[in-house]
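K.L.:
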Amino acid sequence: MDIVGGQNLRQMWDDLAEVYGDKTALIFESCEGIVRQFSYASLNEEINRTANLFHSLGIRKGDRVALHLDNCPEFIFCWFGLAKIGAIMVPINARLLGEES
Numbered sequence: 001m002d003i004v005g006g007q008n009l010r011q012m013w014d015d016l017a018e019v020y021g022d023k024t025a026l027i028f029e030s031c032e033g034i035v036r037q038f039s040y041a042s043l044n045e046e047i048n049r050t051a052n053l054f055h056s057l058g059i060r061k062g063d064r065v066a067l068h069l070d071n072c073p074e075f076i077f078c079w080f081g082l083a084k085i086g087a088i089m090v091p092i093n094a095r096l097l098g099e100e101s
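In UniProt numbering, the protein residues as written are 1 to 101.
(1) Under a Cβ-count criterion, where at least 16 other Cβ atoms within 10 Å of its own Cβ denotes burial, should C31 be classed as buried or exposed?
(2) Nearest to L22 by alpha carbon, out of H68, Q37, G62?
(3) Buried or exposed: which applies to G81, given that a residue is buried once 16 or more other Cβ atoms fall within 10 Å of its Cβ?
(4) Using the C-alpha atoms, what's the distance from S56 back to I88?
(5) Looking at F77: is its Cβ nearer than 8 angstroms to the Cβ of E46?
(6) DSSP has M89 in a bridge; who is on the other side?
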C-alpha cells in the first residue's frame, strides 16, 4: 500500500507545510506544564534547520545516528531531519541507567 503517493519524506513534509501552513501540526506539553505548539510550516522549518545541521556535521545518506533524547519536540526535529537527508535514526531509550546504557 502506497500511503504517500510515491513521495519521499522530504517531499511529503514540504507539501504538508505548503498545503497546511499555519494549521497546528504538533502540540507538546512538558512535565512542567509548558506548552509548545508548532504549525506545519514552523515544524517543517525546524526539521529543515536540524537536517542542515546534521549535514553540516558530515552526516550523509545511509549514515546511522544514535539519538538519545527524552520525549520532546527536538526528538521529532532530529528524527525527521535525519530522514530528510537519508540518514537512519537509531533511538536510544533516554531512561536507561548505568550498565544498560
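For every residue, glycine included, the Cβ atom is placed at its ideal position computed from N, Cα and C. All values reported here derive from a predicted model rather than from experimental measurement.
P.N.:
Based on what the coordinates show:
(1) exposed
(2) Before going on, a small fix: residue 22 reads as Asp here, not Leu. Answer by Cα proximity: Q37.
(3) buried
(4) 16 angstroms
(5) yes
(6) V65
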